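Note sheet for the following structure.
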């Protein structure tokens, strides 16, 4: 039997009837049609499906859709505003932190959460934070560089009173 | 060296913003109305006759729309070369490994399709099976394919140059070693998949994650008896390949067959577990190596006996054996060489192509062996290599023509950059430094009977913007961007004026065989250059009239077309009154101006009996030094830093080159230290990322130094060579040699786990002996 | 995944009622990081899934200087952010740090980790060393179960059908006590634990060992205490020779199955390292 859930994704409210066995990942991708969030393993082992659920980074493949009832989800499509990307999105391009791109949405969501909570992470803290996001292409070198670069510039911006849009 | 405006710059990916915003569509992101989900039933037995398949219960399940088995699919075999084709889309007579595809279901959703699989009843008669290649070659072993005597795939390969026996007799010292490598899985993050849509006109459209959409179209046409004109392949964004998406496989064929059966679009996306089972990764090789040298380190003779486990089907195994022959010769100059090799069928899952075509296993064995030889002779390992290293212009024993070869410079570079001289033999117990080399083809055929052509179209619009239409099978390497740089450089325009296609649509985009054999840089690169020159020639003819000059004397650079050596003879490319304005009024050209380019490398086919032949137009080289720390109580290895130098011919975009190198270093660390597909009687015991582990951000060295040697290959666009495969080759051996340097033990069976290190250390009695 | 009926009780009583009603056909969903995976693999196929996350008063960390009380819905992330735990129960914090990446810590609960009863559960050795107990509620009954009696086998606990774990209680740590949890992952840095060792050492003013507790993870069918090894240290001064004897005794008490030889060696290595580190902590604390 399907359950009716109401959830907010990237600021929009959706009312959807879902089978309890469908995961939040399936709901986001198949019911809502936001396919930026990727299914890499479906077992919570690769981090490609990372979204923010009530502000916390989670593997959306380990959350049931019904559990997201009356909760708020931010996906990769919810970063930036469509015209102006998030600084992390720009930095990933600039630093070559993307190769095949399949891990990228989850990686950026995890990194965004890190910088929101810890604006000046050390290299080790960045590595700790993203250790649940597997990447087979880059060896993580440029990903770490990109995150640290944004941390530096956002810190500079914050100190100068900029970045009020965030 | 020539001065370039766009080539050689660290430009970001043109398709990057698509990816980071989540807008890039991968196959599984594409939905057609009414799409059914497909699932494949696979064998539970390693070797069995199929007596009966009963699908009646599954057919009755609500939501099931179609089921196919080996009985109702085309009985056509496929595989890379005519004489080694041994596979059917679905097994119909027997199954040869746990995972062999038997039947496929299409249903209204994936959960129902999965339930339907449980309802299909298969009656088997179990057959004796064999899992070890050395056992499989013995008389009386179970025969897996009727055509393969002693289970040998195709034929025994024997490559002999000079007289090795005499060479060993003349040597001052001879060393022998045996190494066994492990099965390694690709672990691309996007599993294999296919969305197929067959319509009432008899036309098939498909989307798939592939390294070769044209080969997929060819195989589907061949199997389904549909002309290629009625098959439209689409290659959207692809989530990694590393060689594992170059072969057309069952899930693609079954999606097409199920769509033909149901008349609806059908999508099959493998689960991670299914991917581990269907993946055709690295082979398990057994290498017996023998090298004879003079006291001064001059190598007189080298011998290799290689046996590899192909698994249940040939896949690309025999071709990989061919390459292994060449990779044994490519890094040294040795007068006497003997290589004997067999690819052997077993009832394990089939293996296939993975980054470097298994050169990495051969070099892991041989570079470990050579490190030991150097130590035995009391010579520094790097000096031993420098004494015997191959060079530019060499024709190797297996007839590879190394027209450009910067291996010597690579070796010297990593020696100097890593502080080798200060560290080797001088680090405390538990710390070690190791060195190894690598090489790879940089533009080869997939087989003797496939075309190897690349084509490109350049379309110049009235406003001076350019569309580049190419089948660049970019899975992150950056080839789309690099070829846009190529267009900008060659036409003398800004990269912002170049628009390249992100999706390959086989109806529109000119053919290229795909991204394998590190062939894209040279193959497609030359085609793009030719297309640019064709377009430029048309413009130059118009401009030449204006400048009262000959078209041959014109050049385009930085937005200007000018007469060589004349400061006055110049017109802007796209400004008002410039070249394009002239073209608009000229009767000689029409817009869009279309440049066509084509390239087919001059390579030699393999001799299938010896593995000899110059199968690549160019070869890439690399050397690496790794420094490790071994916890002598736990045996755990930490890679501290890696120094790398590669002969890339010419660095077209250093950002992407570093990306290839860094990714390869990660993959090499995994292979050296923990990656292994655990098999028990043909069953994969660790088909998940929780048990088959790949490196995380915390497992990587904190310092990686990636550099290039530029040798300007004569066959290549701007002198560049493909390097994506070569860069991984030395990594595992560099770590193995560093571990030896740290704790004085050699692990001959990979990966190098803490358990094995401690066991060997204990055997040795005490450290540093 | 097999289909199931999804239930969302709002109170402990309601949850217990549902669990009693449906018995073995029901499963409790907390963080889901283990259970959802098990259900996808069809190793668990509950007919009723009881999500207890909507019960409002089970997510807390409280300390009254006698007991640390952790509500059943407390996530690893919440524990990791608790400065109170860092200051007063650093051994438990070590264990929390060993638990998976951020995404898992944000969902996974310590109670779920215990109820899943994996032999390699990282919090178990520390809780064993801390003599923790768990509080459970079933229809008309409450139980207080010492953690030592909680695990019954690999992935099996003493919880009965209809019984819900609601709280974990940890007695406060005496002064002059240092604790450490050390672990080795199976392969990579982010991996299941191959061997986990928790040691809690109390010294008297002369540096003699007043009390010691050693918890071992992943080396037996359940997490265990190495009590014979503990006894060797009782009222002794901790020195290198004795330590290696203690390490060897702990090996005897362990019964690892896969990679047995290596795991056994690692028990000894980690026990020695953890004891040294624990002693170092006490001594540095005494000096301050």
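Protein chains in written order, with the working numbering: chain F, 1 to 166; chain D, 1 to 769; chain H, 1 to 288.
From the three backbone atoms N, C-alpha and C, an ideal C-beta is built for every residue, glycine too.
If you're wondering where the values come from, they're calculated on a predicted model, not measured in any experiment.
So residue i is in the alpha helix (DSSP H); what residue range does that whole segment cover?
i: residue 703 (chain D); result: Not the alpha helix (DSSP H): residue 703 (chain D) falls in the beta strand (DSSP E), residues 703-709.
i: residue 99 (chain F); result: Segment: none, residue 99 (chain F) is in no alpha helix (DSSP H) and carries neither H nor E.
i: residue 180 (chain D); result: Run containing residue 180 (chain D): none in the alpha helix (DSSP H); it sits in the beta strand (DSSP E), 173-180.
i: residue 94 (chain H); result: 90-98
i: residue 249 (chain H); result: 240-253
i: residue 485 (chain D); result: 479-491
i: residue 501 (chain D); result: First-last for residue 501 (chain D): undefined, no H or E at that position.
If you follow the beta strand (DSSP E) that residue i is part of, which residue opens it and which one closes it?
i: residue 62 (chain H); result: 61-63
i: residue 14 (chain F); result: 12-18
i: residue 342 (chain D); result: 336-345
i: residue 754 (chain D); result: Counting along the chain, residue 754 (chain D) falls outside any beta strand (DSSP E), though it belongs to the alpha helix (DSSP H) covering 754-764.
Which same chain residues, not among the five before or five after residue i, have their C-beta less than 6 Å away from its C-beta?
i: residue 124 (chain H); result: 217 and 223
i: residue 788 (chain D); result: A query on residue 788 (chain D) cannot be resolved here, the shown segment of chain D reaching from 1 to 769 and no further.
i: residue 570 (chain D); result: 560 and 562
i: residue 280 (chain D); result: 315, 350, 351 and 352
i: residue 165 (chain F); result: Its pLDDT being 43, under 50, residue 165 (chain F) is placed unreliably in this model, and the coordinates cannot settle the point.
Leaving out five residues before and five after residue i in sequence, what residues of the same chain have Cβ atoms less than 8 Å from its Cβ?
i: residue 91 (chain D); result: 43, 50, 70, 100, 101 and 102
i: residue 163 (chain F); result: Bear in mind that the predicted position of residue 163 (chain F) carries a pLDDT of just 49, short of 50, making it too unreliable to give a figure here.
i: residue 18 (chain D); result: 24, 237 and 502
i: residue 227 (chain D); result: 221
i: residue 657 (chain D); result: 646, 648, 651, 706, 708 and 723
Spatial neighbours of residue i within its chain, please: C-beta separation below 7 Å, excluding the five flanking residues on both sides.
i: residue 136 (chain D); result: 130, 151, 344, 345 and 346
i: residue 5 (chain F); result: 16, 18, 65, 66, 68 and 69
i: residue 614 (chain D); result: 399, 400, 401, 603 and 604
i: residue 332 (chain D); result: 299, 388, 389 and 390
i: residue 767 (chain D); result: Legend: pLDDT at residue 767 (chain D) = 49, less than 50; position of this residue unreliable, value from coordinates given subsequently. Within the same chain, residue 767 (chain D) has close Cβ partners 429, 632, 743, 744 and 761.
i: residue 385 (chain D); result: 411 and 437
i: residue 769 (chain D); result: Per-residue confidence for residue 769 (chain D) stands at a pLDDT of 46, beneath the threshold of 50, marking its modelled position as unreliable; no derived number is given.
Run through chain F and tell me which residues come within less than 7 Å of residue i, C-beta to C-beta.
i: residue 33 (chain H); result: 44 and 62
What does residue i touch in chain F if you count any residue whose Cβ is under 8 Å from its own?
i: residue 189 (chain H); result: 131
i: residue 4 (chain H); result: 20 and 21
So residue i and residue j are in contact, right, with Cβ under 8 Å, and what is the actual spacing, rounded?
i: residue 502 (chain D); j: residue 15 (chain D); result: 5 Å
i: residue 483 (chain D); j: residue 524 (chain D); result: 7 Å
i: residue 196 (chain D); j: residue 278 (chain D); result: In fact, because the Cβ distance is near 17 Å, the residues do not count as touching under 8 Å.
i: residue 426 (chain D); j: residue 291 (chain D); result: With a Cβ gap of about 26 Å, residue 426 (chain D) and residue 291 (chain D) do not count as contacting.
i: residue 440 (chain D); j: residue 518 (chain D); result: 6 Å
i: residue 121 (chain F); j: residue 151 (chain F); result: 6 Å
Given that residue i touches chain D, what residues does it touch there, using C-beta distances under 8 Å?
i: residue 19 (chain H); result: Correct list: empty, because the minimum Cβ distance to chain D is about 26 Å.
i: residue 1 (chain H); result: 111
i: residue 98 (chain F); result: 13, 16, 19, 20 and 476
i: residue 265 (chain H); result: 758
Mind listing the chain H neighbours of residue i? Cutoff is C-beta to C-beta under 7 Å, in chain order.
i: residue 77 (chain F); result: By Cβ distance, chain H contributes nothing, its closest Cβ being about 19 Å from residue 77 (chain F), past 7 Å.
i: residue 693 (chain D); result: 187, 188 and 191
Please compile the residues from chain H whose C-beta is within a distance smaller than 9 Å of the C-beta of residue i.
i: residue 690 (chain D); result: 37, 191 and 192
Under 8 Å between beta-carbons, which chain H residues line up against residue i? List them in chain order, please.
i: residue 755 (chain D); result: 259, 261 and 262
i: residue 698 (chain D); result: 188, 189 and 190
For residue i, return the contacting residues in chain F, with the cut-off set at a CB-CB distance below 9 Å.
i: residue 666 (chain D); result: 135, 136, 137, 138, 139, 140 and 141
Quick one: which chain A residues come within Cβ less than 7 Å of residue i?
i: residue 645 (chain D); result: No chain A is present in this structure, whose protein chains are F, D and H.
Contact between the region 537-546 of chain D and the region 494-513 of chain D: three or more CB pairs below 8 Å? no
Determine contact between the region 160-173 of chain H and the region 93-109 of chain H, defined as no fewer than three beta-carbon pairs at a distance below 8 Å. no
Contact between the region 122-136 of chain H and the region 72-90 of chain F is defined here as three or more beta-carbon pairs at a separation below 8 Å; is this criterion met? no
Is it true that the region 105-112 of chain H meets the region 28-44 of chain H, where meeting means three or more beta-carbon pairs spaced less than 8 Å apart? yes
Using 8 Å as the cut-off, can you tell me whether the region 350-366 of chain D makes contact with the region 569-588 of chain D, which would need three or more C-beta pairs spanning the two stretches below that distance? no
Within 8 Å, do at least three Cβ pairs link the region 359-378 of chain D to the region 168-182 of chain D? yes
Any 3 or more C-beta pairs closer than 8 Å across the region 505-516 of chain D and the region 206-216 of chain D: yes
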